[in-house]
Amino acid sequence: MNVMSEIEKLKEKRNAIVMAHNYQRPEIQDIADFIGDSLKLAQTAERTNADVLVFCGVDFMAETAAIINPEKKVLVPDPEASCPMANMLSVDDLLLAEKKFPDADIVLYINTKADVKAEADCVCTSANATRIVDSMESDTILFGPDKNLAYHVKIIGKSKKQIIQVPEHGLCPTHHQISGWDTVGAKRKHPDAKLVVHPECIPEVQEMADHIASTDGMIDYCMQSPDKEFIIGTENGILHRMRKEMPDKRFYPASETSICPNMKMHTLEKVRDVLENMNNEVTVPSKIANRARGAIDRMLELS
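Just so we're on the same page, our numbering is the position in the sequence shown counted from 1, plus 1.
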């Protein structure tokens, strides 16, 4: 019996589903029951009858799934799969900034750890960041951890709020390394292609883009567009899903090296093993989970 068949049998035995982020390895996406961005996956899990969620993403995503689905068991194939950007913002950093700006509202990107989310007034995604920031009562917003998303809100989204970036230099290494030179080169190579990028990209790349969106937003845009060629500025794992769901269109990476090694830590063998052993469970202390859930719920109300 091959690994994929073993996984299918174990899923049935455990009443489990496999959830994969858009950046996962192709073979992980192919065995997943659901593919999407972190919030969509967590919300989808809430609507399923599964008892066990095998979450193939990075740590904050699994935490979000556990927060939204406290009655389900959330497992991760590789517990070492962590998000460098989420790790750039600590509770201490946030509380220090709050002391400097006591009247500010705190809006945090969903790409943060659970204990940090618990300190937020509201969380946001890359799809709704500008709308969430503009809906806050205070004119001053503590925003973190991604400085490129903060730029997107302020400059591309034209927010009138004073945005204080916390930490000052927070970023996603995978997106930040997609350079203007990369995108210029890709455009020269594929002159008829539309440039579609993620708001975690650097300002120079955002300014060149034909469209800026979250991962699911990028997929929706390409599906609805009459264009047939696209240069994609995000982690290259998404190209597998795009090519599979839109075989009549062509997709090119803005950068061949835009690969998140942490996202690629999950393998078929690790998915099988976690279902077999029922280990690597992700739990969030109830006090933290309840406060973080409040920030997530507020975002859903405002979206």
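Yeah, the Cβ is synthetic: ideal placement off N, Cα and C, and Gly gets one too.
Cutting at 7 angstroms between CB atoms, please list the residues of its own chain near residue i, excluding the five before and the five after it.
i	result
Glu236	Tyr24, Thr175, Ser259, Ile260, Cys261 and Met264
Lys161	none
Who are the Cβ neighbours of residue i in its own chain at under 8 angstroms, not counting the five residues just before and after it?
i	result
Lys148	Gln166, Glu169, His170, Gly171 and Leu172
Leu96	Glu120
Phe102	Thr141, Leu143 and Ile165
Gly45	Looking at the sequence provided, one finds Thr at residue 45 rather than Gly. Here the set comprises Met20, Phe35 and Gly37.
His177	Asn149, Glu201, Cys202 and Ile203
Met137	Asp106, Val108, Asp122, Cys123 and Lys162
Leu269	Val4, Met5, Ile8, Glu28, Ile29 and Ile32
Going by DSSP in three states, residue i sits in which element: helix, strand or coil?
i	result
Phe144	strand
Asp38	coil
Leu172	coil
Tyr253	strand
Gln25	coil
Glu230	strand
Lys73	coil
Gln207	helix
Ala17	strand
Phe56	strand
Cys84	coil
Glu282	strand
Cys261	coil
Leu90	coil
Asp106	strand
His153	helix
Once the 5 residues before and after residue i are set aside, which same chain residues still bring their CB inside 6 angstroms of it?
i	result
Ala308	This structure gives no information on residue 308, because the portion of the chain shown stretches from 2 to 304.
Lys73	Leu54
Val198	Val206, Ala210, Ile213 and Gly234
Pro80	Asn281
If I'm right that residue i touches residue j with Cβ under 8 angstroms, what's the distance once you round it to whole angstroms?
i	j	result
Lys271	Ser226	Not confirmed; about 36 angstroms, so no contact.
Ala82	Pro146	About 18 angstroms; that fails the 8 angstroms criterion.
Lys245	Cys223	No, Lys245 and Cys223 are not in contact; Cβ-Cβ is about 12 angstroms, not under 8 angstroms.
Val75	Val283	5 angstroms
Leu276	Leu11	4 angstroms
Determine the closest residue to residue i out of the options, with distance taken between C-alpha atoms.
i	options	result
Lys100	Met279, Lys188, Tyr222 and Glu120	Glu120
Pro192	Gly58, Ser127 and Phe231	Phe231
Met286	Ala115, Gln30 and Ile107	Note on identity: in this sequence residue 286 is Pro, with Met being the wrong assignment. It is Ala115.
Ile156	Ser136, Ala130, Gln178 and Met137	Ala130
Pro27	Leu240, Ile8 and Ala290	Leu240
Met243	Asp221, Ala255 and Asp228	Asp221
Ala296	Asn278, Ile203, Thr126 and Asp249	Thr126
Glu201	Asp60, Asn16 and Ala128	Ala128
Phe252	Lys288, Asp228 and Glu208	Asp228
Leu150	Val124, Ile203, Asp183 and Met137	Ile203
Ser91	Asn112, Leu76 and Asp104	Asn112
Thr49	Glu208, Gln30, Lys118 and Ala66	Ala66
Leu301	His267, Lys288, Asp60 and Arg132	Arg132
Pro71	Glu277, Leu276 and Glu47	Glu47
Gly158	Val134, Asp298, Arg292 and Gly218	Val134
Val59	Met219, Ser39, Thr216 and Val4	Ser39
His267	Gly238, Gly181 and Ala17	Gly238
Ala293	Ile69, Ser180 and Ser6	Ile69
Glu208	Lys190, Thr184 and Arg189	Thr184
Arg273	Gly218, Thr216 and Phe56	Phe56
Which term fits residue i, buried or exposed, when burial requires 16 or more other beta carbons within 10 angstroms of its beta carbon?
i	result
Ser304	exposed
Gln163	exposed
Asp93	exposed
Asp122	buried
Pro78	buried
Pro254	buried
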